[in-house]
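**Q** These protein sequence lines are chains A and B, in that order. Residues in the first sequence are numbered from 1 upward in steps of one, following the working numbering. Residues in the second sequence are numbered from 1001 upward in steps of one, following the working numbering. In this text, a Cβ means the ideal position worked out from N, Cα and C, and glycines have one as well. I have a structure here, written as structure tokens, and I will follow up with some questions on it.
2 protein chains.
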Amino acid sequence: MRAAIFKGPHAIEVGERPDPAIAAPTDAVVRVLLACVCGSDLWYYRGETPHAQGSIGHEFIGVVEEVGADVRGIAVGDLVIAPFKYCDGTCPHCRAGVSSQCVAGGAFGDGKIDGGQGEAVRVPLAGSTLVPVPGTKHSDEMMRSFLALSDVMCTGHHAAVSAGVRSGSVVAVVGDGAVGLCAVLAARRLGAARIVALSRNPARQEVARLFGATDILAERGDAAVEAILELTDGVGVDAALECVGTGQSLATAMGIARPGSVVGVVGVPHAVENPMETVIFRNLGLRGGVAPARTYIPELLDDVLDGRINPGRVFDFETDLDHVADAYKAMDERRAIKALIRMETKEADR
Amino acid sequence: MRAAIFKGPHAIEVGERPDPAIAAPTDAVVRVLLACVCGSDLWYYRGETPHAQGSIGHEFIGVVEEVGADVRGIAVGDLVIAPFKYCDGTCPHCRAGVSSQCVAGGAFGDGKIDGGQGEAVRVPLAGSTLVPVPGTKHSDEMMRSFLALSDVMCTGHHAAVSAGVRSGSVVAVVGDGAVGLCAVLAARRLGAARIVALSRNPARQEVARLFGATDILAERGDAAVEAILELTDGVGVDAALECVGTGQSLATAMGIARPGSVVGVVGVPHAVENPMETVIFRNLGLRGGVAPARTYIPELLDDVLDGRINPGRVFDFETDLDHVADAYKAMDERRAIKALIRMETKEADR
């Protein structure tokens, strides 16, 4: 099969990989329909973190082509959403809802198993990992929203859930990437009364408004803190959602959070330290991390199917597998919020 | 009046201070019955943090001697517990239950107002700060428990509440100081099924057992992490409570916490940084800070009055105001878990 191959920083190629085949009775093989590039893919693309050469990408949806003898709940022909990490569904962490920490789990395209940016994927622990989508013949818009549930919408939701967003909350989202925009949508879905999005990019501001942002702030750093404290009568927001992962974005989130609140953190950090003084002397909690996408997908999928949320609107760039390098380039250069890769799959496979 | 006076590191003396008097209509003057030394008092005692010379101590109980014209809910003659920070009860933080962050608040003995280690204290915002104790003629044991509600028991409770301890939780407490011991008691009160206390000091181990610890571990650092992971089948505890405030104790707490849990943090940190990698890649939250004692006292007081908790058992050293320096010395040298100072107050004042 053909797949995107990481050859080194700034070098993504399309190459041949062995056709995936059932290796364990709990495996399934999924023919990929749509895949996409994650903000975290840019870290190795830019050479900022190491990554094995080879198969990449951890977000995809597709059609089940083959299942192992022990796979339950998934059948050949099913349209499925793959959470970005596979999991067994039975370990103590899975049972506690933290499927992203499954003791038997791992991530697609982690250097050990197939990535999602290819024609097909062998999915381990398929019965407890893949989420089948009911119904047939979904619109392309809906298919894009299914793809967004693979990671980015679940990650935005995790920020909002971790920060305790609820009906009436005043929320601010630091970061206007696809995760930050999904955090806006998640906050609205959870009933937030006011949602401040920090962005100075017109295209992203537009999606933020579409997703439910009530206020857009172009300020950054100390100026953003000052502006939000002014908006909130000096109190700070009930829930600050940190969706970037830098020291500055964390400082901004901590600066705008009201005492006693929990800052939802999902940005991937690189040597970022949080001074405990802010946690202790300002009574500011921190919670978040790698989203347990498998845990969240079912409830979010219900809302996608009912048309209540449309997270697929984060995809503003589309290409095919042959041009996957362009998808990385567009995101690296911030020309795209999030880039979708459409595989050349026969319509009949749907 | 006579009061403990901080003259500089390792120099606590008894000296004269002006008699407290009503300065604002919301003030009260309280004649102190019992006061005590906090672990955080040792920081300036040891010269590790700056402190103004003068009046010190932020934990006390006493009898109301005089009230300003606008004080409601408190009357002359009432036995009252002073939370270690005063507060107005009406600001957004107080209304949200975070009285320790009151916009009009402050701490006793902070260099600006009277400390509790003296014969009397002017209490600002008295009606919203002081908690009157119902009944008269309480036993000395109960009086000591009232004193513990001024700070240490509320702080241990804050660690447990922040970490979400509930019925059936498996808890570990890092730190065998008075706060850590109170965290054990708070965890038991909230229904924890198993409570592991880290301590290698026999006197502290005994109080930990009395307070509800089911397991005592003498290991520290990596050995403690290993032992607790072994106790929990590799999963980690539902709630790790960090009651020390050093980098090592925080690392231990983060090491024993199960993924997805929130580490309760109440230890006062000094230039301690938490790497965001643990928060993100292990899904570990952090929450706690300066305990909102005024918010917590009423519910804890009910349990003290009913005999369900006896946090006063942390006091294992007692002296009088003349010998207040000994109280600091005993705690500094870890000869005492927590030192009580009994004022020479006429029995009739009760």
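1. If I measure Cβ to Cβ from A:Val-103 and keep anything under 8 Å in the same chain, skipping five residues before and after, which residues do I get?
2. Where do the N-terminal and C-terminal ends of the alpha helix (DSSP H) with A:Leu-231 fall, by residue?
3. Quick one, which residues of the stretch 1268 to 1281 of chain B are near chain A if we go by CB-CB under 7 Å, in chain order?
4. Mind checking who B:Leu-1033 pairs with in its DSSP beta bridge?
5. Would you mind reading off the limits of the beta strand (DSSP E) that contains A:Asp-306?
6. For B:Ile-1228 and B:Gly-1236, I'd like the C-alpha separation in whole angstroms.
7. For B:Ala-1096, go through chain A and note every residue whose CB falls closer than 7 Å to its CB, in chain order.
8. Excluding sequence positions up to five away, which residues of its chain have a Cβ less than 6 Å from the Cβ of A:Gly-105?
9. Count the other CB atoms, across all protein chains shown, that sit within 10 Å of the CB of A:Val-76; report buried if there are 16 or more and exposed otherwise.
10. Establish whether the CB of A:Ala-3 and some CB of chain B are separated by less than 9 Å.
11. Cβ closer than 9 Å: which chain A residues qualify as neighbours of B:Gly-1105?
12. Do three or more CB pairs link the stretch 1275 to 1291 of chain B to the stretch 270 to 279 of chain A at distances below 8 Å?
13. Taking 9 Å as the cut-off, decide whether the C-beta atoms of A:Leu-34 and A:Phe-6 are in contact.
14. Can you check whether the C-beta of A:Leu-284 is within less than 9 Å of a C-beta belonging to chain B?
15. Taking C-beta pairs closer than 8 Å, name the residues in chain A that B:Leu-1250 reaches, listed in chain order.
16. Below 9 Å between beta carbons: does that hold for B:Asp-1019 and B:Ala-1120?
17. For B:Cys-1238, name the three-state secondary structure that DSSP assigns.
18. What residues from chain B crowd round A:Ser-100, counting only those whose CB sits closer than 7 Å?
19. Counting only C-beta atoms, is B:Asp-1070 closer than 9 Å to chain A at any point?
20. DSSP state of B:Arg-1350, grouped into three classes?
21. Which one of B:Gly-1191, B:Leu-1210, B:Gly-1115 and B:Pro-1083 has the shortest CA to CA distance from B:Ser-1055?
22. If you check the beta carbons only, do A:Lys-329 and A:Val-314 fall under 9 Å apart?
23. In terms of residue numbering, what span does the beta strand (DSSP E) encompassing A:Pro-292 cover?
24. Indicate whether at least one CB of chain A lies closer than 9 Å to the CB of B:Pro-1292.
25. Give a yes or no on whether 9 Å exceeds the smallest Cβ distance from B:Arg-1166 to chain A.
26. Specify, as a first and last residue, the run of the beta strand (DSSP E) that A:Glu-65 falls within.
27. Per the DSSP calculation, B:Phe-1315 is bridged to which residue(s)?
28. Against A:His-93, what residues of chain B qualify as contacts under a CB-to-CB distance less than 8 Å, listed in chain order?
29. If I measure Cβ to Cβ from A:Gly-168 and keep anything under 6 Å in the same chain, skipping five residues before and after, which residues do I get?
30. Taking Cβ-Cβ distances shorter than 9 Å, what residues in chain A pair up with B:Arg-1287?
31. Note down, in chain order, all residues in the stretch 167 to 199 of chain A with a beta-carbon under 7 Å from any beta-carbon belonging to chain B.
**A** Inspection of the coordinates gives the following:
1. Asp-88, Cys-91, Pro-92 and His-93
2. 221 to 231
3. Val-1268, Pro-1269, Val-1272, Glu-1273, Asn-1274, Pro-1275, Met-1276, Glu-1277, Val-1279, Ile-1280 and Phe-1281
4. None, per the DSSP bridge assignment.
5. Here A:Asp-306 belongs to no beta strand (DSSP E), and DSSP marks it neither H nor E.
6. 7 Å
7. Gly-260
8. Lys-85, Tyr-86 and Cys-87
9. exposed
10. no
11. Neighbours of B:Gly-1105 on chain A: none; closest Cβ ~11 Å, over 9 Å.
12. yes
13. no
14. yes
15. Met-276
16. yes
17. Here the sequence assigns Asp to residue 1238 of chain B, which means Cys is not the residue at that position. Looking at B:Asp-1238 - three-state DSSP - the assignment turns out to be coil, as it is neither helix nor strand.
18. Asn-1283
19. no
20. A caution first: B:Arg-1350 carries a pLDDT of 40, below 50, which makes its placement in the model unreliable, though a value can still be read off. Here B:Arg-1350 sits in coil by DSSP.
21. B:Gly-1115
22. no
23. Here A:Pro-292 belongs to no beta strand (DSSP E), and DSSP marks it neither H nor E.
24. yes
25. no
26. 60 to 67
27. B:Lys-1338
28. Val-1235, Arg-1258, Pro-1259 and Gly-1260
29. Ala-193
30. Val-262, Val-279, Asn-283, Leu-284, Gly-285, Leu-286 and Arg-287
31. none
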